[in-house]
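Undergrad: So the protein lines, in turn, are chains A and B.
Going by my numbering, the first sequence opens with residue 139, and the numbers climb by one from there.
Going by my numbering, the second sequence opens with residue 11, and the numbers climb by one from there.
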Amino acid sequence: MGDVRVLFVDDEPDFLDTLLKRMQKRRIAAFGAQSGEEALAWLSSNPADVVVLDVRMGGMDGISALRAIKTAHPLVEVILLTGHANLELARDCLAAGAFDYLMKPVNLDELLYKIEDAFQKKALQEKKIRSLEEAIGTRT
Amino acid sequence: MDKHLYSRLQTKIILLTLAVSFTPLLLLGVMIYRQFAAMYVEKIREQIHFRAESRADAVDLFLAERTAILGAIADTHSLAEMAREETLASCLAIMNARAGAFVDLGVIDQHGTQLAYVGPYDLAGKNYYEQPWFGQVMSRGVHISDVYLGFRRLPHFIIAVRRQEGQRNWVLRATIDPELFGRIVQVGQIGKTGDAFVVNREGILQTQPRHSGNILEPSPVRPTLFGKQTMTVDGALLGRPGVLYAGTWLKSADWLLVVSGDVEEDLAQLFSARTIQTLIIVGGMLAIVLTTIFTTRTLVRQMIQAETRLREMDAQLIQTDKLAALGKMAAGVAHEINNPLAVILQKTGWMRDLLEEEDLRDSPNFREFRDAVLKVEEHVERARKVVHDMLGYARRMEPRAEAIEVNRIIDQTVDILKNYARNNSIDIRTELDPALPPTTGDGAQIQQVILNLVNNAIDAIGRNGLIVIRSEHAGDAIRISVADNGPGIPEHLQRKVFDPFFTTKNTGKGTGLGLWISYTIIEKMGGTMTLQSKPGEGTTFTITLPIVPPPPQ
């Protein structure tokens, strides 16, 4: 999965820490944030490809964090973790620009596949942008 | 309310209604009857009063006429003429031709010796000086005697007039036919039992009455009771209850004319009216009794039905409320469990990651560690499934609305389970109504419910049994029933089967959520789900879904 940089956002430190350790063991550049605000702050100074966001958090909730991230960093793909099969919430998340959603407790392999898909989508997007920039550059 | 209370209420209503309707009816009946009876008695009283008056007039007229004609004969003839029997006989003939009722005629001198006599008896030469009437006529000039036997030993009465001829007085005396006189009086008889007769001042009968005695015998009437005017006396005073007596003193003689009427006889007509009245009242009462009993029974039956319905509705409402509350609680609990489960799963995942490392692989307890982690994960998965079921089904979105054919859904479901059932020697039979109309609903959810019911039925039967799935069109609803011939559900558990986490299966085999979720799904679709079960005979779950015609394509 190469050099994907993933930010995990969850207000449960035990969950977050363990997840980060497991990701790092799989040689993924994983970073953690315990709230939506912290995540936004981190993103403003650090690049990331994918954000995995828990919907249910104290403080800023998942949906608001998602909207804020998408506004500030439109290319960053966001995967949401929902506590249960709340289809309305999932629909709202997708409408707000999320890449996909997964149900907690999540299977690690499933999560990895999703992250990879998201990363590929972002890479494709960036490639398109680059080629467009090149085209624009040669024109000028 | 229990049966006893209802029957008491019914009795109370019936008795009250009967009392309220009978009392005025009976009062009215009695009052009308008494009023009628009083009017009748009054009418009879008036009738005999009038009869007595008019009869007295007629009798007076009769006597006055006879007296007048006798006086005229005496005044127009001299004693010498009258003492001749031929003259006397022609006079009697004239008198009878003009007035009648004269039996004989006699001329008596002032010493009481009968000088001449014409008539059927041999009375010539008799001396009447000692007779009471002779004294009367000599002193008063005219006299009508009481009835007496006299020389002829037959009851009769006489009219005598005195004629003064110079120094001499003589008397013309005539006997009145008692039969004829009696008949004139008897005209006053009313009806079959009424009587009319004449008594003298001592109450001795002067004419032959119809009842109570003979002429010259004392009558029951006491003349002292009657005053100058015509009076009516109740027979009770005279030892003749039920009889009314009207009496009028005659003007021409010292006699009382009495007309009596039998009230009882005249009331006979009233009695027939009373019988009719009684029949009507009894008939009316019977009708009231029947109507009251019928109406009250119907009323009470309706009350019982209404209460039963109310109780059923209450029970259903309680069930719904209970399930809703339990659902909410379960959802809250599930949420709280979900997060720790996620953490546990991450931790075990991390442990597994670490176990893969080389140095740990060689550890003597490596297998034990790995098995323990796997077991933890397995049980977390179990818990996760419970939570998932609870949240995933119960709090799903509103059911979708798509055109569905219930029969097809049932067939599909049976196909899924047929092999599993056959392996357990369970036969699944379907009795589907081919005329079932299409409806709108969430096909997948309905299938899930039927799947759940059939699964439960298979589990309940165990091995060797029969499951019958029926569908039918019931008014504006579709009824689906799943019946098994398994062991049935004990009565005390029947109300609990729809509760979440209620299960009779072994721990780990069932979550106890299936029926609760099914119930919730059906309820959200506006339907109902009920069960009938008899221990030892089997269980039938019945789903009723309202028919919502799909919109035309």
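Where is the CB? At the ideal position from N, CA and C, for every residue including glycine.
None of the values given here were measured: they were computed from a predicted structure.
Measure the C-alpha to C-alpha separation of A/Pro151 and A/Ala177 and round it to an integer number of angstroms.
TA: Straight-line Cα distance between these residues: approximately 14 Å.
Undergrad: Going along the stretch 155-168 of chain A in order, which residues come within less than 7 Å of chain B, judged by CB to CB distance?
TA: Per Cβ criterion, the list reads Thr156, Leu157, Lys159, Arg160, Lys163.
Undergrad: Within a Cβ cutoff of 7 Å, which residues of the same chain sit near B/Ala263, ignoring the five residues on either side of it in sequence?
TA: Within the same chain, B/Ala263 has close Cβ partners Leu73, Ile154.
Undergrad: Relative to the C-alpha of A/Asp187, which candidate in A/Phe169, A/Arg229, A/Glu226, A/Asp149 has its C-alpha closest?
TA: Nearest C-alpha to A/Asp187: A/Phe169.
Undergrad: What does A/Phe257 touch in chain B if you count any residue whose Cβ is under 8 Å from its own?
TA: Neighbours of A/Phe257 on chain B: none; closest Cβ ~21 Å, over 8 Å.
Undergrad: Using three-state DSSP, classify B/Met407 as helix, strand or coil.
TA: At B/Met407 the pLDDT is 47, less than 50, meaning the model places this residue with poor confidence and gives no usable figure here.
Undergrad: Please name the residue or residues paired with B/Glu482 in a DSSP beta bridge.
TA: B/Glu482 is bridged to B/Arg489.
Undergrad: In terms of residues, what are the limits of the beta strand (DSSP E) holding A/Ile217?
TA: Residues 215-220.
Undergrad: Kindly provide the ranges of any beta strand (DSSP E) runs that are 3 or more residues long and lie completely inside the stretch 95-140 of chain B, ordered along the chain.
TA: Entirely contained in the stretch 95-140 of chain B, the beta strand (DSSP E) runs reaching 3 residues are, in chain order, 112-119, 124-128.
Undergrad: Pair every Cβ in the stretch 62-79 of chain B with every Cβ in the stretch 251-263 of chain B, then say whether three or more of these pairs are closer than 8 Å.
TA: Touching, yes, given that three or more Cβ pairs across the two stretches are closer than 8 Å.
Undergrad: Give a yes or no on whether the C-beta atoms belonging to B/Thr450 and B/Pro560 are separated by under 7 Å.
TA: For B/Thr450 and B/Pro560, yes; Cβs fall inside 7 Å.
Undergrad: Are the beta-carbon atoms belonging to B/Val5 and B/Ile531 less than 7 Å from one another?
TA: Residue 5 of chain B lies beyond the residue range present for chain B, which begins at 11 and ends at 563; the question has no answer from this structure.
Undergrad: Using a Cβ-Cβ distance cut-off of 7 Å, determine whether A/Leu191 contacts chain B.
TA: False, the Cβ-Cβ gap to chain B never drops below 7 Å.
Undergrad: Which of helix, strand or coil does DSSP assign to B/Gln542?
TA: B/Gln542: strand per DSSP, three-state reduction.
Undergrad: So, with DSSP's three-state summary, where would you put B/Phe511?
TA: Coil, per DSSP.
Undergrad: Please classify A/Tyr251: is it buried, with 16 or more other beta-carbons within 10 angstroms of its beta-carbon, or exposed?
TA: Exposed: under 16 other Cβ atoms inside 10 Å.
Undergrad: Using alpha carbons as the reference points, say which of A/Met195, A/Phe153, A/Ser202, A/Glu175 lies closest to A/Cys231.
TA: Nearest option by C-alpha distance: A/Ser202.
Undergrad: Along chain A, which residues have their Cβ under 9 Å away from the Cβ of B/Trp526?
TA: The premise fails here: B/Trp526 is roughly 16 Å from chain A at the closest Cβ pair, so nothing lies under 9 Å.
Undergrad: Sort B/Leu19, B/Leu28, B/Ala352 by Cα distance to B/Thr302 and report the nearest one.
TA: Answer by Cα proximity: B/Leu28.
Undergrad: May I have the straight-line CA-CA distance separating B/Met407 from B/Val310, to the nearest angstrom?
TA: At B/Met407 the pLDDT is 47, less than 50, meaning the model places this residue with poor confidence; the figure from the coordinates comes in the next sentence. About 46 Å.
Undergrad: Excluding the 5 residues flanking A/Met195 on each side, which residues of the same chain have their C-beta closer than 8 Å to its C-beta?
TA: Closer than 8 Å at Cβ, skipping near neighbours: Val147, Asp148, Asp149, Ser173, Gly174, Ala203.
Undergrad: By Cβ distance, which residues of its chain are closer than 6 Å to B/Thr123, with the 5 residues on each side in sequence left out?
TA: So the list reads Asn137, once near-sequence residues are dropped.
Undergrad: Can you name the residues that DSSP bridges to B/Ala66?
TA: Looking at the DSSP assignment, B/Ala66 forms no beta bridge with any residue, so it has no partner.
Undergrad: Using C-beta distances below 7 Å, list every residue in its chain close to B/Tyr23, excluding the 5 sequence neighbours before and after it, in chain order.
TA: Note on identity: in this sequence residue 23 of chain B is Ile, with Tyr being the wrong assignment. These residues qualify, in order along the chain: Thr306.
Undergrad: Identify the continuous alpha helix (DSSP H) that holds B/Asn179 and give its terminal residues.
TA: No alpha helix (DSSP H) contains B/Asn179, which is instead part of the beta strand (DSSP E) from 178-186.
Undergrad: What distance in whole Å lies between the Cβ atoms of B/Ile436 and B/Ile490, which are believed to be in contact at a cut-off of 8 Å?
TA: Not quite, the Cβ-Cβ distance comes to about 19 Å (not below 8 Å), so this is no contact.
Undergrad: Would you say B/Arg394 lies against chain A (beta-carbon separation less than 7 Å)?
TA: So yes, B/Arg394 belongs to the interface.
Undergrad: Between which two residues does the beta strand (DSSP E) carrying B/Glu227 extend?
TA: Taken as a continuous stretch (DSSP letters only), B/Glu227 belongs to no beta strand (DSSP E), as it is neither H nor E.
Undergrad: Could you please give the first and the last residue of the uninterrupted alpha helix (DSSP H) stretch that includes A/Leu157?
TA: Per DSSP, A/Leu157 belongs to the alpha helix (DSSP H) from 151-163.
Undergrad: Pull the bridge partners of B/Met49 from the DSSP assignment, please.
TA: Per DSSP, none; premise fails for B/Met49.
Undergrad: In chain C, which residues lie with their C-beta within 7 Å of the C-beta of A/Glu150?
TA: Any reference to chain C falls outside this structure, whose protein chains are A and B.
Undergrad: Are the C-beta of B/Asp363 and some C-beta of chain A separated by less than 7 Å?
TA: Yes, because at least one Cβ of chain A sits closer than 7 Å to the Cβ of B/Asp363.
Undergrad: Can you pull the chain A neighbours of B/Lys357, defined as C-beta to C-beta under 8 Å?
TA: Within 8 Å Cβ-Cβ: Asp152, Thr156.
Undergrad: Using a Cβ-Cβ distance cut-off of 7 Å, determine whether A/Leu270 contacts chain B.
TA: Not one chain B Cβ lies under 7 Å of A/Leu270.
Undergrad: Compute the Euclidean distance between the alpha carbons of B/Met49 and B/Val157, then round it to the nearest angstrom.
TA: When rounded, the distance between both Cα atoms is 38 Å.
Undergrad: In the DSSP assignment, find the unbroken alpha helix (DSSP H) run with B/His502 in it and report its ends.
TA: That run of the alpha helix (DSSP H) goes 501-504.
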